[in-house]
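Peer 1: At position 36 of the sequence shown the residue is numbered 36 (the working numbering), and the sequence of numbers has no breaks. Quick reminder that beta carbons are idealized off the backbone N, C-alpha and C, glycines included. Shown below is the structure under consideration.
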Amino acid sequence: MYQFITNKRKITLQERIEIVSYCLKQQRNYQLIAKAYQVSYQQVCQWVKKLEANSEEALRDKRGGTKAEIELTPDKKIEVRNEMIKRLKPNRI
């Protein structure tokens, strides 16, 4: 019977690198690594594929990455601010 790990802890970039390195040393025993580090089998597979295809930087979590306010032009800052105001205001008829 399969046992699914539902631990939703945040795994740092350094931990991902450590997990992938250990996995490669263990001849890609994904199941052993997943149990040892309490992460899913699929996630370990994905991290190994990403590392092999690119570099350690590929293991970085890029979700929710927005541009820093400094990178925006003054016009773009105004546009973003106006969009936020529109979302906050309820639609009036």
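Is DSSP giving Lys89 helix, strand or coil here?
Peer 2: DSSP places Lys89 in coil when its eight states are reduced to three.
Peer 1: For Leu51, does the count of other Cβ atoms within 10 angstroms reach 16, so buried, or fall short, so exposed?
Peer 2: Counting Cβ neighbours within 10 Å, Leu51 comes out buried, since at least 16 surround it.
Peer 1: Closer than 8 Å by C-beta to Arg28: which residues in its own chain qualify, once you throw out the five before and the five after it? Chain order, please.
Peer 2: Contacts found: Val48.
Peer 1: Once DSSP output is grouped into helix, strand and coil, what is the label at Ser40?
Peer 2: It is coil, neither helix nor strand.
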